[in-house]
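So the structure is just underneath, and the comments pick up after that.
Protein chains in written order, with the numbering used here: chain A, 18 to 269; chain B, 18 to 269.
This is the structure in structure tokens:
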């Protein structure tokens with residue numbers, strides 16, 4: 018099938034294993050961190066760890082699926098006929114992308130009603146974005162189904178980006194001065210890391226994506242984007258929770 | 018056997034994997050949440066997490082059974098001769114359905130004698146409902162055995178629905194004002210999500226349920242119903258436990 022070189026196969030294989038190790042370590046770090054922040058921020062860290070835990074589960078499955086899809090003998094890569102299950106990523110995002118936005122909302126510690134309404138709006142839009150992308154991703158080829166669902170999926174995506182800078186931006190302005198910069202960083206990290214996903218989704222319409230190089234770029238790229246959006250982002254959430262706990266303690 | 022397309026096979030496969038990830042994440046969330054509620058509500062959250070933990074175990078088995086029942090090679094799905102074990106769902110429900118009702122009763126923090134009597138009545142009726150459904154589900158075909166046990170199973174089902182609105186409804190009216198709405202939401206969520214199960218059970222008497230589309234609708238539908246009745250319902254129980262802990266603390 019695809020002309021994947023042994024080097025490309027190994028690079029992706031090792032990137033997935035790197036993902037497993039990173040997400041496992043990140044999960045434990047965030048959950049250990051729960052005991053070091055005030056009780057107001059424990060739920061934010063629980064959810065931060067859940068996001069990397071769910072990613073860990075899926076990278077475990079993705080890694081196994083990759084190993085079943087290809088066989089390497091004497092430096093030559095051949096497909097086994099078992100298809101690499103690309104959809105694990107969508108199953109992962111359906112859970113983690115709404116939770117990512119919710120952990121950012123939780124660590125801000127807004128009024129209860131605002132937390133609930135913002136979580137439902139942003140989390141709901143995120144779930145819709147992923148659900149709309151799925152039929153396009155699993156459709157047979159580079160066709161109108163992929164294009165239509167891709168465009169539909171961009172609508173909630175743009176709504177989320179807009180909300181993160183408009184209504185959430187205003188809520189950030191009301192945060193204590195000492196953490197405002199960190200919260201803006203977390204918000205920007207979400208947006209920047211997310212832009213990789215639609216680029217990969219629409220790229221096949223522009224350039225051929227069937228060769229080994231394309232597959233390696235996509236899979237390694239997704240892995241880097243996932244680590245940035247979940248583990249690195251989670252570190253910023255952790256830093257915010259620690260800083261806010263200190264600010265609260267200083268006030269009391 | 019059944020004409021299952023590769024897309025339908027994958028959709029069900031991914032839905033089961035989604036179930037595994039969701040129930041694992043939900044279990045951890047509920048058990049972490051134990052430290053954030055007063056000691057009166059810890060048992061409710063223990064049980065809430067047990068329900069999703071038991072579901073996690075069964076979805077793990079169901080996922081494996083699905084993978085063993087079919088083989089996909091180059092986009093074509095064929096049955097392997099190993100039967101997909103539908104009965105795992107009944108084993109799951111026999112444990113989780115009584116526990117679901119018990120977690121709702123526990124989070125209400127009724128008088129001890131009322132907790133015990135309501136748990137025995139509702140939990141017992143729920144176990145009876147599942148036990149009566151089982152012989153119909155595993156019977157050879159769409160026959161009188163399925164119909165008779167289905168009808169018998171509906172008797173405890175209707176008793177539970179009636180109780181949730183009569184005697185449990187009165188107990189809800191005595192709950193603190195700030196949580197009454199949430200408890201009613203939890204109660205309604207149980208009833209609404211449960212109606213999917215008898216519909217699927219009796220549907221074969223009305224329409225042919227053997228094609229790939231039917232199988233996909235049933236399995237994905239069960240997964241959504243299970244996630245709603247266990248994980249989403251559990252989130253409402255968690256919210257009730259947090260709110261009641263706050264109300265108790267404000268009173269003291």
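Think of the CB as a built atom: it goes at the ideal place given N, C-alpha and C, for glycine as much as any other residue.
Inter-residue Cα distance where the pair is residue 126 of chain A and residue 54 of chain B: Along the first chain, one-based indexing puts residue 126 of chain A at 109. Along the second chain, one-based indexing puts residue 54 of chain B at 37. Rounded to the nearest angstrom, the two C-alpha atoms are 18 Å apart.
Does residue 89 of chain B come within less than 8 Å of chain A when only Cβ atoms are used? Taking the second chain and counting its residues from 1, the one referred to as residue 89 of chain B is at position 72. Yes, contact with chain A.
What residue does the beta strand (DSSP E) around residue 54 of chain B start on, and which one ends it? Start at 1 with the first residue of the second chain, and residue 54 of chain B comes out as number 37. Boundaries for residue 54 of chain B: no beta strand (DSSP E) harbours it, and the DSSP string shows neither H nor E there.
Does the Cβ-Cβ distance between residue 258 of chain A and residue 128 of chain A come in under 8 Å? By one-based count along the first chain, residue 258 of chain A stands at place 241. By one-based count along the first chain, residue 128 of chain A stands at place 111. Their beta carbons are not under 8 Å apart, which means residue 258 of chain A does not touch residue 128 of chain A by this criterion.
Taking 8 Å as the cut-off, does the region 37 to 53 of chain A touch the region 65 to 75 of chain A (at least 3 CB pairs, one atom from each stretch)? These segments touch.
Could you say if the region 244 to 261 of chain A and the region 23 to 31 of chain A meet the contact criterion of at least three C-beta pairs nearer than 8 Å? Touching, no, given that fewer than three Cβ pairs across the two stretches are closer than 8 Å.
Drop a sphere of 10 angstroms on the beta-carbon of residue 210 of chain B, count the other beta-carbons inside from all chains shown, and report buried for 16 or more, exposed for fewer. On the second chain, residue 210 of chain B is found 193 positions in, with the first residue counted as 1. Counting Cβ neighbours within 10 Å, residue 210 of chain B comes out buried, since at least 16 surround it.
State buried or exposed for residue 190 of chain B, treating a residue as buried only when at least 16 other CB atoms are found within 10 Å of its CB. Against the second chain, residue 190 of chain B aligns to sequence position 173. By the 10 Å Cβ count, residue 190 of chain B comes out exposed.
Quick one: is residue 21 of chain B buried, meaning 16 or more other Cβ sit within 10 Å of its Cβ, or exposed? Counted from its first residue, the second chain places residue 21 of chain B at position 4. Residue 21 of chain B comes out buried.
Cβ atoms of residue 33 of chain B and residue 87 of chain B: under 8 Å apart, would you say? Here the question's residue 87 of chain B lines up with position 70 in the second chain. Here the question's residue 33 of chain B lines up with position 16 in the second chain. One thing to note: residue 87 of chain B has its Cβ no nearer than 8 Å to the Cβ of residue 33 of chain B.
At what residue ranges does the region 36 to 94 of chain B contain a whole run of the alpha helix (DSSP H), taking only runs of 4 or more? For the region 36 to 94 of chain B, whole alpha helix (DSSP H) runs of length 4 or above, ordered along the chain, are 59 to 86.
Buried or exposed for residue 49 of chain A, going by 16 or more other Cβ atoms inside 10 Å? As a first step, residue 49 of chain A is located in the first chain; it is residue number 32 there, counting from the start. Taking a 10 Å sphere around the C-beta of residue 49 of chain A, we find fewer than 16 other C-beta atoms and assign the residue as exposed.
Looking only at DSSP bridge pairs, what is residue 96 of chain A linked to? Here residue 96 of chain A is taken as the residue at index 79 of the first chain, counted from 1. According to the DSSP secondary-structure assignment, residue 96 of chain A is paired through a beta bridge with A:87.
Assuming contact is defined by CB atoms lying nearer than 8 Å, are residue 186 of chain A and residue 167 of chain A in contact in what I supplied? By one-based count along the first chain, residue 186 of chain A stands at place 169. By one-based count along the first chain, residue 167 of chain A stands at place 150. Not a contact, by the Cβ cut-off of 8 Å.
Which value, in whole angstroms, describes the spacing of the CA atoms of residue 224 of chain A and residue 213 of chain A? To locate residue 224 of chain A, count along the first chain from 1; it is residue 207. To locate residue 213 of chain A, count along the first chain from 1; it is residue 196. When rounded, the distance between both Cα atoms is 16 Å.
Taking 8 Å as the threshold (beta carbon to beta carbon), is residue 78 of chain A in contact with chain B? For the purposes of this step, residue 78 of chain A is taken as residue 61 along the first chain, with counting starting at 1. At a cut-off of 8 Å between C-beta atoms, residue 78 of chain A counts as an interface residue with respect to chain B.
To the nearest angstrom, how far is the alpha carbon of residue 102 of chain A from that of residue 83 of chain A? As a working mapping, residue 102 of chain A is identified with position 85 in the first chain. As a working mapping, residue 83 of chain A is identified with position 66 in the first chain. Each residue's alpha carbon lies about 8 Å from the other.
From residue 171 of chain A to residue 260 of chain B, what distance separates their C-alpha atoms? Residue numbering aside, residue 171 of chain A sits at position 154 when the first chain is read from its first letter. Residue numbering aside, residue 260 of chain B sits at position 243 when the second chain is read from its first letter. As the crow flies, the alpha-carbon of residue 171 of chain A is around 37 Å from that of residue 260 of chain B.
Would residue 244 of chain A pass as a contact of residue 66 of chain A if the rule is Cβ separation under 8 Å? By one-based count along the first chain, residue 244 of chain A stands at place 227. By one-based count along the first chain, residue 66 of chain A stands at place 49. Residue 244 of chain A places its beta carbon 8 Å or farther from that of residue 66 of chain A.
Keeping to the same chain, check which residues put their C-beta closer than 7 Å to that of residue 99 of chain B; ignore five residues upstream and five downstream. Locating residue 99 of chain B in the second chain gives position 82, counting from the first residue. Same-chain partners within the cutoff: 85 and 86.
By how many angstroms is the C-alpha of residue 146 of chain A removed from the C-alpha of residue 159 of chain A? As a working mapping, residue 159 of chain A is identified with position 142 in the first chain. As a working mapping, residue 146 of chain A is identified with position 129 in the first chain. The straight-line gap from Cα to Cα measures roughly 19 Å.
CB contact below 8 Å: residue 39 of chain B versus chain A: As a working mapping, residue 39 of chain B is identified with position 22 in the second chain. Using a Cβ-Cβ cut-off of 8 Å, residue 39 of chain B counts as an interface residue toward chain A, since at least one Cβ of chain A sits closer than that to its own.
Is the Cβ of residue 246 of chain A closer than 8 Å to any Cβ of chain B? Here residue 246 of chain A corresponds to residue number 229 of the first chain, with the count starting at 1. With 8 Å as the cut-off, residue 246 of chain A does not count as an interface residue toward chain B.
Nearest-angstrom Cα distance between residue 141 of chain A and residue 90 of chain A? For this step, residue 141 of chain A is matched to residue 124 along the first chain. For this step, residue 90 of chain A is matched to residue 73 along the first chain. Taking the straight line from one Cα to the other gives about 46 Å.
Cβ neighbours of residue 104 of chain B in the same chain (closer than 8 Å, five flanking residues each side left out): Taking the first residue of the second chain as 1, we reach residue 104 of chain B at position 87. Closer than 8 Å at Cβ, skipping near neighbours: 151, 154 and 155.
Quick check: what's the CA-CA separation for residue 47 of chain A versus residue 163 of chain A? For the purposes of this step, residue 47 of chain A is taken as the residue at position 30 of the first chain. For the purposes of this step, residue 163 of chain A is taken as the residue at position 146 of the first chain. C-alpha of residue 47 of chain A to C-alpha of residue 163 of chain A: approximately 37 Å in a straight line.
List the residues of chain A that residue 53 of chain B touches, going by C-beta distances under 8 Å, in chain order. Along the second chain, one-based indexing puts residue 53 of chain B at 36. By Cβ distance, chain A contributes 56, 59 and 60.
Taking C-beta to C-beta, are residue 7 of chain B and residue 148 of chain B nearer than 8 Å? A question about residue 7 of chain B goes unanswered here, because the residues of chain B that appear run from 18 up to 269.
Of all the CB atoms in chain B, is at least one closer than 8 Å to the CB of residue 69 of chain A? Your numbering for residue 69 of chain A matches position 52 in the first chain. By this cut-off, residue 69 of chain A is not an interface position.
So residue 10 of chain A contacts chain B; which residues on that side make the cut at Cβ distance below 7 Å? Missing from the structure shown is residue 10 of chain A; chain A here goes from 18 to 269 and no further.
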